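Step one of this worksheet: look at the structure below.
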Ligand code: HEC
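Numbering (the working numbering), first residue to last: 33 to 198.
Structure (C-alpha cells):
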C-alpha cells in the first residue's frame, strides 16, 4: 500500500525496529518491553488506564457474541489484548519505580490473566465459554487493583489512594 510505504519512508529509523517487533510477534516472542508505552507520571498512568479501558471494552463486547466464532474477530480481540497488555506492563513499570510491591503484585496478576485470555483466543478451535470466563478473570484483576489502589468515582474522577505514588 502506498500509504504504508510513505509511512515507512518518513520513519526510516523506526522502520527496522517495528519490522523486528512484527517478526518477533509472528514468532510469539514479543516481550512487553518491546511495545511498552511510557508511563512516568500519574497523568500518563491515567492515559494508559483510559486506553486499556477502551481496548478492554471491545473485548468485553465481542466475546459473548456469535461473531466470536469468526477468526477475524478473535484476531481483532488479540490486537486489543496486546494493547491492554502493553498499557498494563507500562503501568507496572511505573508502580515498580514508585516501590509499590502491592502494585507490582496486582499488575502481575493482571498480566497473567491477560496471558490466559491470549492463549484461549489463539486456539484454532474457538472455545467461547472459556473465553467468556477468561474475560471475567481479567475484569476481576482490574477490579482487584481498583479496590486496593484507586478512589473516586465516575462523576468526581478517579485517583490513586493517598500514599501509593507519593
Ligand atoms: C495495578 C493496578 C491497576 C490495574 C491492574 C488496573 N488499574 Fe485501572 N486504575 C488504577 C488506578 C490507581 C487508577 C486511578 C489513577 C488515576 O486516574 O489517577 C485507575 C483508573 C482507571 C480508569 C479511569 C481513568 C480515568 O481517570 O478516566 C480506567 C478506565 C481504568 N483504570 C481501567 C482499567 C482496566 C480496564 C483494567 C484492566 C484491564 C485496569 N484499569 C487495571 C489501577 C489499576
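C-beta atoms are modelled at their ideal positions from N, C-alpha and C, and glycine is treated no differently.
Computed from a predicted structure; not experimentally measured.
For residue i, three-class secondary structure by DSSP
{"i": "residue 187", "result": "coil"}
{"i": "residue 193", "result": "coil"}
{"i": "residue 182", "result": "strand"}
{"i": "residue 159", "result": "coil"}
{"i": "residue 131", "result": "coil"}
{"i": "residue 95", "result": "coil"}
{"i": "residue 143", "result": "helix"}
{"i": "residue 125", "result": "helix"}
Residue i CB to nearest heavy atom of the ligand HEC below 7 Å
{"i": "residue 130", "result": "no"}
{"i": "residue 94", "result": "no"}
{"i": "residue 88", "result": "yes"}
{"i": "residue 167", "result": "no"}
{"i": "residue 173", "result": "yes"}
{"i": "residue 195", "result": "no"}
{"i": "residue 139", "result": "yes"}
Alpha-carbon spacing of residue i relative to residue j, whole angstroms
{"i": "residue 94", "j": "residue 109", "result": "8 Å"}
{"i": "residue 198", "j": "residue 130", "result": "8 Å"}
{"i": "residue 191", "j": "residue 181", "result": "8 Å"}
{"i": "residue 87", "j": "residue 156", "result": "23 Å"}
{"i": "residue 92", "j": "residue 153", "result": "13 Å"}
{"i": "residue 143", "j": "residue 122", "result": "11 Å"}
{"i": "residue 174", "j": "residue 148", "result": "15 Å"}
{"i": "residue 114", "j": "residue 146", "result": "9 Å"}
Reference residue i; option with closest CA among the options
{"i": "residue 98", "options": "192, 164, 150 and 171", "result": "164"}
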